[in-house]
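Trainee: The opening residue of the sequence shown carries number 1 in UniProt numbering; numbering runs sequentially from there. The structure is given below, and queries will be raised subsequently.
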Amino acid sequence: MPANVDAPERLPQPAVAEMDLPTVLDAMSDPIRLAILHRYLVDAAGGVRSCGWVGLDRPKSTLTHHFRVLREAGLLEQHQEGLVRSSRVRVEDVQQRFPGLLDLVADWQVPAALLLDEVPA
């Protein structure tokens, strides 16, 4: 039996040295994934939030796919605790591997059509 049953499970993600530029750019090529990154960088100030917080007007299954692509590219870190999956941008790791890349994401304007009318706070 694990020592700490209440600890959130960290989902698999690449190490910094394993982050691949074509994979990262491919993950960022979709406006929905770019919007997810932007929301976590700007609106969550790089902090941890549940995946449901992101407030994009897409089905949950679609968002789950986009979160997985971002995590597998190394852009997001995700933890599963019970039924809640939380995410954060791996700011330090991405900045170390690809300096300045996240600055471009933070400066990008999320198209209003992607956002829900009521964006969670």
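The beta-carbon is built from N, C-alpha and C at its ideal position, and this holds for glycine as well.
#1: Are residue 123 and V91 close, meaning C-beta to C-beta below 8 Å?
#2: With distances taken Cα to Cα, identify the nearest neighbour of V54 among L11, R88, Q13, H79.
#3: Using three-state DSSP, classify V84 as helix, strand or coil.
#4: First and last residue of the alpha helix (DSSP H) that includes E92?
#5: Does DSSP put S29 in a helix, a strand or coil?
#6: I'd like the list of long-range same chain contacts for R33, defined as Cβ closer than 7 Å, with 5 residues on each side in sequence excluded.
#7: At the level of alpha carbons, what is the spacing between P59 and R85?
#8: What whole-angstrom Cβ distance do L41 and V105 have, given they're in contact under 8 Å?
#9: Identify which residue in A113, F98, L115, A112 has its Cα closest to the Cα of A17.
#10: Anyone know if the C-beta pair for L114 and A44 falls short of 8 Å?
Mentor: Reading from the atomic positions:
#1: Coverage of the chain is limited to positions 1 through 121, which leaves residue 123 absent and any answer about it impossible.
#2: R88
#3: strand
#4: 91-97
#5: coil
#6: A27, H66, V69, L70
#7: 16 Å
#8: 6 Å
#9: F98
#10: no
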